[in-house]
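J.: According to the numbering used here, numbering within the sequence shown proceeds without interruption in unit steps and concludes at 975. Where a beta carbon is used, it is the ideal one built from N, C-alpha and C, also for glycine. Have a look at the structure that comes next, please.
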Amino acid sequence: MKTKKKVLWLDLWHIAEQEAWLSHMAAKGWELTKMTRLTAHFKKAVPQTITFKTDIFKEPISQNPEQLEQYEQAGWNYVASRGHLHFFRNNPESSEREKHTDPIQQAESLRLLRSSLKTSAYFISLFTLIGIALAVFMLTLDPVRNYLDDEFLFPVMQILIFVGINLLILKGLIHLNKLIKILQSNMGIQPASDFQKKYWQKKIIGLSLITFFVVVFLYEVSKLGNTTAANSYPPLPEGEVPVVQMKDFTDSNNQEPYFYEKDSNRDNFYSVSSSILVPEQNELKQLVEVEGEKWEDGSGPYRPSLTSRQYFVRNEVLAKRLIQHLIDREKELHRGDAAIINTTAFDELYVVENSILSRKDQIIYFVTYYGKEPIEKIINAMERKITE
């Protein structure tokens, strides 16, 4: 027997629309057999003209034998349930009588559904406040990683999900209030002739959200694949790179790369990565040993180190915000203030302890150097790099 399972795109409170949709499926030769909160199950049958009616019970349908008997005597057969909604279909071979023709009684049934929705709304609102507070905390925990590592994605998605659920429930309560007012005015709920429009609107929105979350998930998975140990520390390239190198401001003839761990490139590597807000990120790390030299205090062989980064930010506004976050992080790390350096090559340039940060339009250079060379030589190398 051929069967089909379809997602229930229509919301729980779209009662008339669900009835019309089930009748439409029966006319196409698909007979309803089962329902869950998210799906409807059908089996292939002869196309029929079937009318569906909905009743609302707080208890499971099995605990309402009297209601079931009344429906059966009136020519209506129970088919399936979706939460508090219980669907009945007419028997075309018998002369059925209408059930719940009293609008006031129908309004009482809808109040039960509204009460259940309100209870859910209270708990969801509480979780929303906690969830949004946690998401905001995560966004402010390390602002730099929001730019460089897309750390903002999960908190922003969390906020959107909570807000979306609350708006959906609010919309449901408003819809039920309208239905109750209609019934209290002694008017019945009219058949939903436009159910297909509502159905496709909800389906398009649902599929769009699913596609969005799948794309974000695949994006995060692809990033994990690119951050393996083998890819994290690529060796230094032979030619020029867009970041400042140690050879740009020192004599490299008597320098040799130094590795604390023989089987690791952690001390000398050049990597290229990207994020949504900073689509191009270049980072170089160098540790060298200068032959025949020692540190000024005689503590050991002279081994200067350099960490040099270049960030192409999505636009200038974001670049200004990112460099400020970088400065704040360096100030907190070194417990010192940032000195502003006048320069014509950059729009702004700052020095915090051993770090130099500069910005030209939407390009940021961020250099950290531990060694004997004066800071002026490093700044000159950065100015030459931006004009190349």
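Note down, in chain order, each residue of its chain lying with its Cβ closer than 8 Å to the Cβ of Leu760, except the 5 sequence neighbours on either side.
T.: Around Leu760: Arg701, Leu704, Lys705, Ala708.
J.: Any chance you could list the beta strand (DSSP E) runs of at least 3 consecutive residues sitting entirely within the region 850-938, in chain order?
T.: For the region 850-938, whole beta strand (DSSP E) runs of length 3 or above, ordered along the chain, are 856-860, 867-877, 892-899.
J.: Using 8 Å for Cβ pairs, my map puts Leu599 next to Arg669. What's the rounded Cβ distance?
T.: The pair is a contact, with the Cβ atoms about 7 Å apart (cut-off 8 Å).
J.: For my contact list, Val939 and Gly923 are in at a C-beta cut-off of 8 Å; report their separation, rounded to the angstrom.
T.: That belief holds up - the Cβ atoms of Val939 and Gly923 are roughly 6 Å apart, short of 8 Å.
J.: Kindly indicate which residue of Leu823, Asn841, Asp642 has the alpha-carbon position closest to the one of Glu880.
T.: Answer by Cα proximity: Asn841.
J.: Mark Asp948 as exposed unless 16 or more other C-beta atoms lie within 10 angstroms of its C-beta, in which case mark it buried.
T.: So Asp948 ends up on the exposed side.
J.: Please identify the residue among Trp617, Thr623, Ser610 whose C-alpha is closest to the C-alpha of Lys589.
T.: Looking at the Cα atoms, Trp617 is the closest of the given residues.
J.: DSSP state of Pro778, grouped into three classes?
T.: Pro778: coil per DSSP, three-state reduction.
J.: Does the beta-carbon of Leu763 have 16 or more other beta-carbons within 10 angstroms, so that it is buried, or is it exposed?
T.: Answer is buried; the Cβ neighbour count reaches 16.
J.: Look up Ser945 in the DSSP assignment and say whether it is helix, strand or coil.
T.: Strand.
J.: For Val875, collect the residues of the same chain with a Cβ closer than 7 Å to its Cβ; drop the 5 residues on either side in sequence, then sort them by chain order.
T.: So the list reads Met833, Gln842, Glu843, Pro844, Tyr845, Arg890, Pro891, once near-sequence residues are dropped.
J.: By DSSP, does Leu597 sit in helix, in strand, or in coil?
T.: Reduced to three states, the DSSP call for Leu597 is coil.
J.: Compute the Euclidean distance between the alpha carbons of Phe639 and Ala607, then round it to the nearest angstrom.
T.: If you take the alpha carbons of Phe639 and Ala607, they lie about 7 Å apart.
J.: What's the C-alpha gap between Glu683 and Pro778?
T.: Residue confidence is low: Glu683 scores 48 on pLDDT, short of 50, so the model does not pin down where it sits. No coordinate-derived value is stated.
J.: Alpha carbon to alpha carbon, what distance is there between Val594 and Leu716?
T.: Taking the straight line joining both Cα atoms gives about 30 Å.
J.: Roughly how many angstroms separate the alpha carbons of Arg676 and Val723, rounded to a whole number?
T.: Arg676 and Val723: Cα-Cα distance of roughly 49 Å.
J.: Under DSSP, the beta strand (DSSP E) around Ile637 begins and ends at which residues?
T.: Here Ile637 belongs to no beta strand (DSSP E), and DSSP marks it neither H nor E.
J.: Leaving out the 5 sequence neighbours to the left and right, which residues in its chain are closer than 7 Å to Ser610 when beta-carbon positions are compared?
T.: Contacts found: Ile637, Thr638, Phe639.
J.: State the DSSP-derived secondary structure class of Leu823, mapped to helix, strand or coil.
T.: Coil.
J.: Whose C-beta lies closer than 7 Å to the C-beta of His921 among residues of the same chain, with five residues either side of it excluded?
T.: Excluding residues within five positions, the ones whose Cβ falls inside 7 Å are Val939, Glu940.
J.: With hydrogens ignored, establish whether the beta-carbon of Leu763 is closer than 7 Å to any heavy atom of the ligand GDP.
T.: For the ligand GDP, the structure offers nothing, since it holds no ligand at all.
J.: Which same chain residues, not among the five before or five after Pro829, have their C-beta less than 8 Å away from its C-beta?
T.: Counting only Cβ-Cβ distances below 8 Å, and skipping sequence neighbours, we find Asn869, Gln897, Lys972.
J.: Which residue comes first and which comes last in the alpha helix (DSSP H) that contains Asn677?
T.: From DSSP, Asn677 is part of no alpha helix (DSSP H) but of the beta strand (DSSP E) over 672-677.
J.: How would you label Tyr786, buried or exposed, when you count the other beta carbons within 10 angstroms and need 16 or more for buried?
T.: Buried, because 16 or more other Cβ atoms sit within 10 Å of the Cβ of Tyr786.
J.: Leaving aside the five residues before and after Arg624 along the sequence, list all residues of the same chain whose C-beta is less than 7 Å from its C-beta, in chain order.
T.: Excluding positions up to five away in sequence, the list reads Arg669, Gly670.
J.: Among Met622, Ile767, Ile951, Phe644, which one has its Cα closest to the Cα of Asn902?
T.: It is Ile951 whose Cα lies nearest to the Cα of Asn902.
J.: Anyone know if the C-beta pair for Phe836 and Ala968 falls short of 8 Å?
T.: It is a contact, given that the beta carbons lie within the stated cut-off.
J.: Under a three-way DSSP split, which group does Glu975 fall into?
T.: Of the three classes helix, strand and coil, the one that applies to Glu975 here is coil, per DSSP.
J.: Out of Ala613, Ser895, Trp663, point me to the one whose CA is closest to Val633's CA.
T.: The residue with the shortest Cα to Cα distance from Val633 is Ala613.
J.: Counting only the same chain and skipping the five closest in sequence on each side, list residues whose C-beta sits under 8 Å from that of His687.
T.: Confidence in His687 is poor, its pLDDT being 49 and thus under 50, which makes the residue's placement unreliable; the coordinate value appears in the next sentence. Answer for His687: Lys640, Asp642, Gln693, Ser696, listed in chain order.
J.: Please confirm whether Asp573 and Ser862 have their CB atoms less than 8 Å apart.
T.: Outside the displayed span of the chain (588 to 975) sits residue 573, for which this structure offers no information.
J.: Looking at C-alpha atoms only, which residue of Ser860, Ile914, Lys784, Phe741 is the closest neighbour of Val731?
T.: Checking every option, the nearest Cα to that of Val731 belongs to Ile914.
J.: Among His601, Lys591, Val865, Ile943, which one has its Cα closest to the Cα of Phe739?
T.: Ranking the options by Cα distance to Phe739, first place goes to Val865.
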